[in-house]
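Protein chains: 2
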Amino acid sequence: MEQTNENKKTILIVDDEKPIVDILVYNLEKEGYKTLEANDGLTAVDIALSQKPDLILLDIMLPKMDGLTVCKKVRATLNVPILMLTAKDEEIDKILGLELGADDYITKPFSVRELMARIKANLRKTDARVATNEDSEKGNANKIEVGELQLNLDKFETKVSGEIIDLTIREFEVLKFLASQPGQVVTREVLLEKVWGYEYYGDIRTVDVTVRRIRGKIEKDTANPKILVTKRGVGYYIKNN
Amino acid sequence: MEQTNENKKTILIVDDEKPIVDILVYNLEKEGYKTLEANDGLTAVDIALSQKPDLILLDIMLPKMDGLTVCKKVRATLNVPILMLTAKDEEIDKILGLELGADDYITKPFSVRELMARIKANLRKTDARVATNEDSEKGNANKIEVGELQLNLDKFETKVSGEIIDLTIREFEVLKFLASQPGQVVTREVLLEKVWGYEYYGDIRTVDVTVRRIRGKIEKDTANPKILVTKRGVGYYIKNN
DNA sequence: TATTTTTGTAACAAAATTGTAAAAAAAACT
DNA sequence: AGTTTTTTTTACAATTTTGTTACAAAAATA
Numbered sequence: 000m001e002q003t004n005e006n007k008k009t010i011l012i013v014d015d016e017k018p019i020v021d022i023l024v025y026n027l028e029k030e031g032y033k034t035l036e037a038n039d040g041l042t043a044v045d046i047a048l049s050q051k052p053d054l055i056l057l058d059i060m061l062p063k064m065d066g067l068t069v070c071k072k073v074r075a076t077l078n079v080p081i082l083m084l085t086a087k088d089e090e091i092d093k094i095l096g097l098e099l100g101a102d103d104y105i106t107k108p109f110s111v112r113e114l115m116a117r118i119k120a121n122l123r124k125t126d127a128r129v130a131t132n133e134d135s136e137k138g139n140a141n142k143i144e145v146g147e148l149q150l151n152l153d154k155f156e157t158k159v160s161g162e163i164i165d166l167t168i169r170e171f172e173v174l175k176f177l178a179s180q181p182g183q184v185v186t187r188e189v190l191l192e193k194v195w196g197y198e199y200y201g202d203i204r205t206v207d208v209t210v211r212r213i214r215g216k217i218e219k220d221t222a223n224p225k226i227l228v229t230k231r232g233v234g235y236y237i238k239n240n
Numbered sequence: 000m001e002q003t004n005e006n007k008k009t010i011l012i013v014d015d016e017k018p019i020v021d022i023l024v025y026n027l028e029k030e031g032y033k034t035l036e037a038n039d040g041l042t043a044v045d046i047a048l049s050q051k052p053d054l055i056l057l058d059i060m061l062p063k064m065d066g067l068t069v070c071k072k073v074r075a076t077l078n079v080p081i082l083m084l085t086a087k088d089e090e091i092d093k094i095l096g097l098e099l100g101a102d103d104y105i106t107k108p109f110s111v112r113e114l115m116a117r118i119k120a121n122l123r124k125t126d127a128r129v130a131t132n133e134d135s136e137k138g139n140a141n142k143i144e145v146g147e148l149q150l151n152l153d154k155f156e157t158k159v160s161g162e163i164i165d166l167t168i169r170e171f172e173v174l175k176f177l178a179s180q181p182g183q184v185v186t187r188e189v190l191l192e193k194v195w196g197y198e199y200y201g202d203i204r205t206v207d208v209t210v211r212r213i214r215g216k217i218e219k220d221t222a223n224p225k226i227l228v229t230k231r232g233v234g235y236y237i238k239n240n
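These protein sequence lines are chains A and B, in that order.
Following numbering that gives the first Met the number 0, the numbering of the first sequence begins with 0 at its first residue and continues without gaps.
Following numbering that gives the first Met the number 0, the numbering of the second sequence begins with 0 at its first residue and continues without gaps.
Written as C-alpha cells, this is what we have:
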C-alpha cells in the first residue's frame, strides 16, 4: 500500500487450482505486493530459487512434486518464510511433517483478511530479524570511529569532534557504509547497490546529492571536504588519517 | 531479558516420533534454546527430575508411561511449565478434566510459529512468577531508572520526576522494553514482536498510537518529547542523558 | 585555450514517515 | 447481561526525507 515499485515485497503463490491463485493474486496485488505463480512443485522450486521471493504461499497437494519436497528443497538454500495452505481433512502426519518445516500454516477455506494478516506478520518477522541481527544482538561493538567521525549504530547517532550531527537514515547508511571501510574508494554503483538495494534502478547522481547533503552537515567547508572525499572518476571515500 | 549463551532456557522434548523430535530440536535451537530429548515416559520423568528443564513439551501418546502420568509424576516434585501435544480434539477434555496441572496444550497439526509463541508465552509466565516472588521477597526493588523516568516492575508503577503516572499494561510494557535499553533505537517490528508477541497479526501503526498515548501521559509537550523520542525512519528510543 | 567529462549545487517535485483524532472492536469489569 | 476501559484500526494532515533535474563549476583532455 505504501510501497514504491522498487521495494515491493514479492510473494510466490504455489497452487494448481487456478481460481484460488487468481483470488490470491488479486488480493495480494491490491495490498501492494508483487506476485509470482507456480502451478506445480517443480516450477515452484525453480521460481523460488531464481526469483528469491520474500514469502512463499505453498499448497500441500501439488502435481509433479508435493509440498513437503518443495518445502525441503527451497529451505535447503533459502531462508524464506513459507506459509502452508492445507485442506482441513488431509492426513494428519503428512500435514504435521510439513507444518513443522514451515513457518506458519493456514487451513482452507480461509478468509482473505486472515491470510493477509498472516502474510504481514510473517514478513514482519523477517524484517525484525534482519534489523536486530545485523545491528546489535551479536555483541559487536556497535560503533565506528574514523578520525573525528564517530557513528553509534545502536542510536543511529553521528558525532563529529564530539558534536552530535543530525543525519537522516539514508545519509547515515551511506556514511556508515563508507566509514566501515575508511580509505577504500567506493563507486556510486556499489553505494547504490549496498545502501539503496540491488533492485534499485534510480538515477546514479542521487548518490552525489546525498553525499552533498552529508557534507553539508559534517564538513566545515563543503568545497574542501576533509572527511568524505571525492576520488574523481571513481567515487567517494572516508579519509582515515 | 535477552538470553546470554550461559543461561539459555532448556526445553525437554518428549515424543517417540524421531522426525518430529528432530524438527523440534532444530527449530528450538535456532531460536536459542537448549534441548533435551526423551523417547518414552519413564525416561522423560528421569530427565525432568534430574535436569530440571525450564519447560517440557509432552506428547500424550508415549511408550512405557503415557503423557498424562508423566505430567502427574513430574508435577509432584517440580513446578515446571508443561505444554501438552495432542493429536485429537477429544483429548483436550481429558487434559483439562484431569487437573493435571498442564499449563497449556497445543493440538496437532501445529505450526512452528504457533508452537514458538506458546513456548515463549509459557516461559514468560514463569519469568513473571520468578520476578515477583524471588526479587521482591528479597527486598530487591525491581526497578528501572532512566533520567526522570522510574519504573517499578513489581508494582507496575511509573513515575516521572517523582510523580506517579497511570499507565495501562500495554503502555507500561512498551515503556519498560524501551527503558530497559535506553538509547537503543527500537524498530516497530521489534516492539511488536517483543511486547505484543510473536503471534501478533495486527497493524504496525498500533505501535505509533501506543507511543502517542504514553507520551500524552509522560511528556510535558507531546510535540517535543524529551523522554520517548522518535528516530525517524527507524523507530523509537528512550533518551538517557 | 577550447572542449569534454565529471562533480557540485540548488530548487523543485514526489514519496515516505509520523502525529493525531476519532471510530470501531475487544477486553475487563460489574 | 450491560457498562466501562483499553486497545486497535483507520483516515487524514503535517512534516520530513528523498529523488530528479538543470545548470554551474571544476578537472581532465585534446
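C-beta: ideal position from N, C-alpha, C; glycine also.
Treat the numbers as computed from the prediction; the structure is a model and nothing was measured.
Quick one: grab the DSSP three-state call for residue i.
i, result
"Q50 (chain A)", "helix"
"M64 (chain A)", "coil"
"T131 (chain A)", "The pLDDT assigned to T131 (chain A) is 49, lower than 50, so where the model puts this residue is not dependable, and the model offers no usable value."
"E136 (chain A)", "Note that E136 (chain A) has pLDDT 44, beneath the 50 cutoff, so the model's placement of it is unreliable and no number is given."
"N151 (chain A)", "strand"
"K216 (chain A)", "helix"
"I10 (chain A)", "strand"
"E144 (chain B)", "strand"
"T209 (chain B)", "helix"
"V233 (chain A)", "coil"
"L227 (chain A)", "strand"
"V24 (chain B)", "helix"
"I19 (chain B)", "helix"
"V173 (chain A)", "helix"
"V185 (chain A)", "strand"
"A222 (chain A)", "coil"
"N113 (chain B)", "Sequence check: residue 113 (chain B) is Glu here, not Asn. In this structure, E113 (chain B) counts as helix in the three-state DSSP scheme."
"I168 (chain B)", "helix"
"I118 (chain A)", "helix"
"R204 (chain B)", "coil"
"L191 (chain B)", "helix"
"V44 (chain A)", "helix"
"K238 (chain A)", "coil"
"V73 (chain B)", "helix"
"L95 (chain B)", "Bear in mind that a pLDDT of 49 at L95 (chain B), under 50, signals an unreliable position, so the model cannot answer this."
Starting from residue i, find everything on chain B with Cβ-Cβ shorter than 7 Å and list it in chain order.
i, result
"K142 (chain A)", "Near K142 (chain A) there are no residues of chain B at all, since even the closest Cβ is about 12 Å away, more than 7 Å."
Taking C-beta pairs closer than 8 Å, name the residues in chain B that residue i reaches, listed in chain order.
i, result
"T109 (chain A)", "The displayed chain sequence assigns Phe, not Thr, to residue 109 (chain A). What F109 (chain A) touches in chain B: nothing, since even the nearest Cβ is about 13 Å away."
"I168 (chain A)", "R231, G232 and V233"
"A116 (chain A)", "Y200 and G201"
Below 8 Å on C-beta distance, what does residue i contact in chain A?
i, result
"L227 (chain B)", "Within 8 Å Cβ-Cβ: nothing; L227 (chain B) doesn't reach chain A, min ~14 Å."
Looking only at DSSP bridge pairs, what is residue i linked to?
i, result
"I163 (chain B)", "B:K158"
"E36 (chain B)", "B:I12"
"L84 (chain B)", "B:D58 and B:I105"
If the criterion is Cβ atoms closer than 8 Å, does the pair residue i and residue j meet it?
i, j, result
"E170 (chain A)", "T209 (chain A)", "yes"
"E172 (chain B)", "I163 (chain B)", "no"
"A47 (chain A)", "I59 (chain A)", "no"
"G234 (chain A)", "V184 (chain A)", "yes"
"G146 (chain B)", "N223 (chain B)", "no"
"P319 (chain B)", "L11 (chain B)", "A question about residue 319 (chain B) goes unanswered here, because the residues of chain B that appear run from 0 up to 240."
"L41 (chain B)", "M64 (chain B)", "yes"
"S110 (chain B)", "Y104 (chain A)", "yes"
"I213 (chain B)", "L227 (chain B)", "yes"
"D21 (chain A)", "D39 (chain A)", "no"
"V13 (chain A)", "V79 (chain A)", "no"
Going along chain A in order, which residues have a C-beta closer than 9 Å to the C-beta of residue i?
i, result
"I203 (chain B)", "K119 and R123"
The ligand MN and residue i: does the residue's C-beta get closer than 7 Å to at least one heavy atom of that ligand?
i, result
"K154 (chain A)", "The ligand content of the structure shown is nil, which means the ligand MN is not present either."
Chain-ordered residues of the stretch 146 to 165 of chain A with a beta carbon less than 9 Å from chain B: N151, D153, K154, F155 and E156
Under 7 Å (Cβ pairs) to chain B, residues found in the stretch 65 to 83 of chain A: none
Proximal residues, the stretch 176 to 191 of chain B versus chain A, C-beta separation under 7 Å: G182, Q183, V184, T186, E188, V189 and L191
Near-chain B residues of the stretch 30 to 55 of chain A (beta-carbon distance less than 8 Å), N- to C-terminal order: none
Contact residues within the stretch 229 to 240 of chain B, judged by C-beta distance below 8 Å to chain A: K230, R231, G232, V233 and Y236
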